[in-house]
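S.K.: Read in full-length UniProt numbering, the sequence shown has 44 at position 44, and its numbers run on one by one without any break.
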Amino acid sequence: MRILYLLFSFLFLAIQISPGLSSPRRDMFFCRKGTCHWGSCPVHLVKVGSCFGFRSCCK
């Protein structure tokens, strides 16, 4: 039973921070007017920080 609680809490957190459900304004605020990308930045952009700790903020 305890594992179900952990599974549901992890699922809840994953849904909260998923890119489709997050606010674009909030992403832009944390990213200092850049764009958030999964993994590394595209070739024509430079990494200037991170969005929510695991996505790259690129300008």
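Even for Gly, the Cβ is constructed at its ideal location relative to N, Cα and C.
1) Suppose contacts are defined by Cβ-Cβ distances below 8 Å. Is K34 in contact with K59 by that definition?
2) Does DSSP put S50 in a helix, a strand or coil?
3) Could you check the C-alpha separation between L11 and V46 for me, to the nearest Å?
4) Would you call R2 buried or exposed, if buried means 16 or more other Cβ atoms sit within 10 Å of its Cβ?
5) On a CA-only basis, which of H44, H37, P42 and V43 is nearest S56? Give me that one, please.
M.R.: Quick answer:
1) Looking at the sequence provided, one finds Gly at residue 34 rather than Lys. In contact: G34 and K59 (Cβ atoms closer than 8 Å).
2) strand
3) 32 Å
4) exposed
5) H37
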